[in-house]
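Taking it in order: structure first as C-alpha cells, then the write-up.
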Amino acid sequence: MEIKVVENAASIEADILVVNQFEGEKTSNDLANKYAVDEDNFKGKFGETYLLHTLGNEPYRKILIIGFGKKEEFCPNKLREAVAKAVKKAMQMEAKKVAFVFDGVDFDFSEQFTMGLYIADYKFDKYKSDKKDNHVQEVYIKADEEKIKKAEKIATAMAFARNLSNEPAQFATPNELANIAQDFGLETKIYDKEECEKMGMGAFLAVGQGSINEPKFIHMKYSCDNPKKRIAIIGKGICFDSGGLDIKPASSMITMKDDMSGAACVLGVMSIIKEFNPQVEVHGIIAACENMPGGKSYKPGDILTAKNGKTIEVDNTDAEGRLTLADALCYACELGVDEVIDLATLTGACMVALGTHASGIMGNDEELIHNLIDTAKRNGEKFWELPLWDEYFDSLKSDIADMKNSGSRWGGASAAGVFLKKFVKDVKWAHIDIAGTAFLDKPQKEFISGATGAGVRTLLNYILEQ
Ligand code: BES
Ligand code: MN
Ligand code: ZN
924 MEIKVVENAA SIEADILVVN QFEGEKTSND LANKYAVDED NFKGKFGETY
974 LLHTLGNEPY RKILIIGFGK KEEFCPNKLR EAVAKAVKKA MQMEAKKVAF
1024 VFDGVDFDFS EQFTMGLYIA DYKFDKYKSD KKDNHVQEVY IKADEEKIKK
1074 AEKIATAMAF ARNLSNEPAQ FATPNELANI AQDFGLETKI YDKEECEKMG
1124 MGAFLAVGQG SINEPKFIHM KYSCDNPKKR IAIIGKGICF DSGGLDIKPA
1174 SSMITMKDDM SGAACVLGVM SIIKEFNPQV EVHGIIAACE NMPGGKSYKP
1224 GDILTAKNGK TIEVDNTDAE GRLTLADALC YACELGVDEV IDLATLTGAC
1274 MVALGTHASG IMGNDEELIH NLIDTAKRNG EKFWELPLWD EYFDSLKSDI
1324 ADMKNSGSRW GGASAAGVFL KKFVKDVKWA HIDIAGTAFL DKPQKEFISG
1374 ATGAGVRTLL NYILEQ
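At the far end of the sequence shown sits residue 1389, using this note's numbering, and the numbering has no gaps.
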C-alpha cells in the first residue's frame, strides 16, 4: 500500500472516495451531498457506512460515507477504527485506489489514519493456495507526511509481529526466532543450551528440556551515543505451550502457537528500531523454547535453580512462562539498564479478568506503569493496572524450596506478577500480561482473528518519546 499526500483527494481518479459524517450533522462534503443519502438508513452513527454511486459523473466511481458518531466523542482512536472499517469495505469491493476527504476533524489524524489503514489491510494468507489479492494499493489523503512515515514504520513492525505469532509452531521454532533476530543488523548474541547452563539458567532450561527443539536465549542490542536512557524489553518466547506433563486440554492448546507473542513483539520492535535512530539504548531479550511433554520433560515436584540462585518447586509445568522469564529478568537486571519491561502471554487469569480488549500491567514503579498506560491509550492499546501486593505470594510458598511456580487459582495474574518480582533487582520494572490481547479467536474492531501485534505500538512510541 502506498499513501500519497495530496491537497485535494476529491480530485483524484479513484475507485472510491471515502468521506465522513458526524451523527446528527450533514456531511459538509458537497460532492457527497449531490447524491441522495437515505437518511432513514444512515445517521452517521459511529462505524455506520453508506455507499453511493456517482454514475461516472465524478473522478471516482463510488462514494463511501463513514459515520464518525457524535462529534464531541470523536477522537484519534475512533478515527483509526473508522478508517479500518472503510478499508475493509474497500477490500470487499476490490477497490485498488481509495481517496479520503475528512471534514470537521479538529485534530491531526495522520498517525492513527495510517495505523487504521495498515491494521485493516493485514492478512495472513501465505498458506492459502487460492490467494485473493484484494489489498488496497493507493491511498490519497491530505495529512502530515512525516507522521505518516513514522506510523508506516510502526505499522510494519506490527505486521511483522503478527506474522510471527500467526506462524505455526512447526516453523516458528526457537532456532527460527534466533535466526530472525540476527537479521536486523543489530549487535546480537544467541546463547545455546550449554551456554545457558553456564549462566545458571536452570528455570528456563527446565521448561525447554522436553522438546527436541533446543532452547535459544536471544539478546539483541540497539546502541547509540550518549543514550538518554537504557531500556531492556523482554518477550515471553514459548514457541509452543502444550502445558508440558500437566498437559492442556485440546480446547486450550489449540491457540498455543501464540505463546511467543511477547517475543514477536520484541522482534517487531527490534526489526525497525534502527530506522528511527532513537537516543535510547534498547536491549531485546527472548528466552525461546517449547513446553512439551516427553521422556526428558521437567516434572511436577522438581526443584529448579534460577540464575539468581533462588530455588523453585515446580507445582505445575503449565506455569512455564514465569520460569523462562525469571532467568531472562535476572539476565536483564545484570545489564545495568534503567528500565526493564516484559511482555508475556502469561496467564489465563488475566484474560478472565480483563478480556480481550485490555492487557494487564503491574510493576515496581508507578511512574513507569503510568507512562506506559498513557502511551498505550494514545496509541490504540489498553493497559490496565493490576495489583502486585505481597499477599499474592502467600499461595506460592513452598515447604521445600524458596517458592512454587503456581498456587491458588485466584488472582492468578497478580500471583504470576509477584513470582516475577522475585527475579527483579535494582531496576524499574513493568510486566505486561498480553494473554487476552495478543491473539483473537474472532475478529474484533479493526483486527481480523489471529495475532494482533500487541505491545508493538506502545513500546515503539514509548521508546521514541524518551
Ligand atoms: N500460556 C499460558 C497462558 C495463556 C492462557 C495465554 C490463555 C493465552 C491464553 C500460560 O503458560 C499458562 O498455561 N498459564 C496457566 C498458569 C497456571 C497453571 C498457574 C494458566 O493461566 O492457566
Ligand atoms: Mn502454560
Ligand atoms: Zn504459556
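Beta carbons are placed, not taken as given, at the ideal position from N, Cα and C, and that holds for glycine.
Please read these numbers as outputs of a predicted model, since none were measured by experiment.
- In its chain, beyond the 5 residues on either side, 1077, 1298, 1301, 1302 have a beta carbon closer than 8 Å to the beta carbon of residue 1384.
- In terms of Cβ geometry, residue 986 and residue 940 form a close pair [threshold 7 Å].
- Annotation for residue 1114: 1140 place their beta carbon closer than 6 Å to its own, counting only its chain and skipping 5 residues before and after.
- In this structure, DSSP gives residue 1268 a state outside helix and strand, which the three-state scheme calls coil.
- Taken from the Cβ of residue 1239, at least one heavy atom of ligand 1 lies inside 6 Å.
- Residue 1164 has its Cβ nearer than 6 Å to a heavy atom of ligand 3.
- In the DSSP annotation of this structure, the continuous segment of the beta strand (DSSP E) that includes residue 925 starts and ends at 925-928.
- The shortest C-alpha to C-alpha distance from residue 1341 to any of 1284, 1368, 1372 is the one to 1284.
- For residue 1282, the enclosing beta strand (DSSP E) starts and ends at 1282-1286.
- Around the beta carbon of residue 981, 16 or more other beta carbons sit within 10 angstroms, so the residue counts as buried.
- In this structure, residue 1213 has its CB at a distance of at least 6 Å from all heavy atoms of ligand 2.
- Under the 8 Å Cβ criterion, the segment 1204-1211 counts as touching the segment 1087-1103, having at least three qualifying pairs.
- Contact between residue 1376 and residue 1084 holds, with the beta-carbon distance rounding to 4 Å and staying under 8 Å.
- Under the rule that a run must span 4 or more residues, the alpha helix (DSSP H) segments found entirely inside the segment 982-1019 read 999-1015.
- A residue is called buried when at least 16 other Cβ atoms come within 10 angstroms of its Cβ; residue 1135 does not meet this threshold and is exposed.
- Using a C-beta cut-off of 8 Å, the segment 1232-1242 makes contact with the segment 1318-1329, since at least three inter-stretch Cβ pairs fall below that distance.
- For residue 1157 and residue 1183, the gap between their C-alpha atoms comes out near 11 Å.
- Distances from the CB of residue 1161 to the heavy atoms of ligand 3 include at least one below 6 Å.
- Between residue 1109 and residue 1063, the CB-CB gap reaches or exceeds 7 Å.
- Non-local beta-carbon contacts of residue 1357 in its own chain, meaning distances under 7 Å to residues more than five positions away in sequence, involve 1184, 1185, 1266, 1267, 1268, 1282, 1377, 1378 in chain order.
- Boundaries of the beta strand (DSSP E) harbouring residue 1354: 1351-1356, taken from the DSSP string.
- The Cβ-Cβ distance between residue 1304 and residue 1245 does not fall below 7 Å.
- Around the beta-carbon of residue 976, fewer than 16 other beta-carbon atoms lie within 10 Å, marking it exposed.
- In terms of side-chain proximity, the C-beta atom of residue 1185 is found no nearer than 6 Å to any non-hydrogen atom of ligand 3.
- The residue among 1000, 925, 1030, 1028 with its C-alpha nearest the C-alpha of residue 1020 is 925.
- Residue 1260 and residue 1153 have their C-alpha atoms some 5 Å from each other.
- Sequence-distant Cβ neighbours of residue 1364 in its own chain, meaning closer than 7 Å and more than five residues away, are 1372.
- Sequence-distant Cβ neighbours of residue 1188 in its own chain, meaning closer than 6 Å and more than five residues away, are 1084, 1158, 1266, 1378, 1379.
- The closest heavy atom of ligand 3 lies 6 Å or more from the beta carbon of residue 1340.
- With 16 or more other Cβ atoms inside 10 Å of its own Cβ, residue 1192 counts as buried.
- Under the DSSP definition of a beta bridge, residue 943 partners with 989.
- A straight-line Cα-Cα distance of about 25 Å links residue 1155 and residue 1038.
- Not a single heavy atom of ligand 1 lies less than 6 Å from the C-beta of residue 1111.
- Not one heavy atom of ligand 1 sits closer than 6 Å to the Cβ of residue 1174.
- With contacts defined by Cβ atoms closer than 7 Å, residue 1044 and residue 1006 do not form a contacting pair.
- If the five residues before and after residue 1168 are omitted, its C-beta is found closer than 7 Å to the C-beta atoms of 1216, 1220, 1222, 1223, 1240, all from its own chain and listed in chain order.
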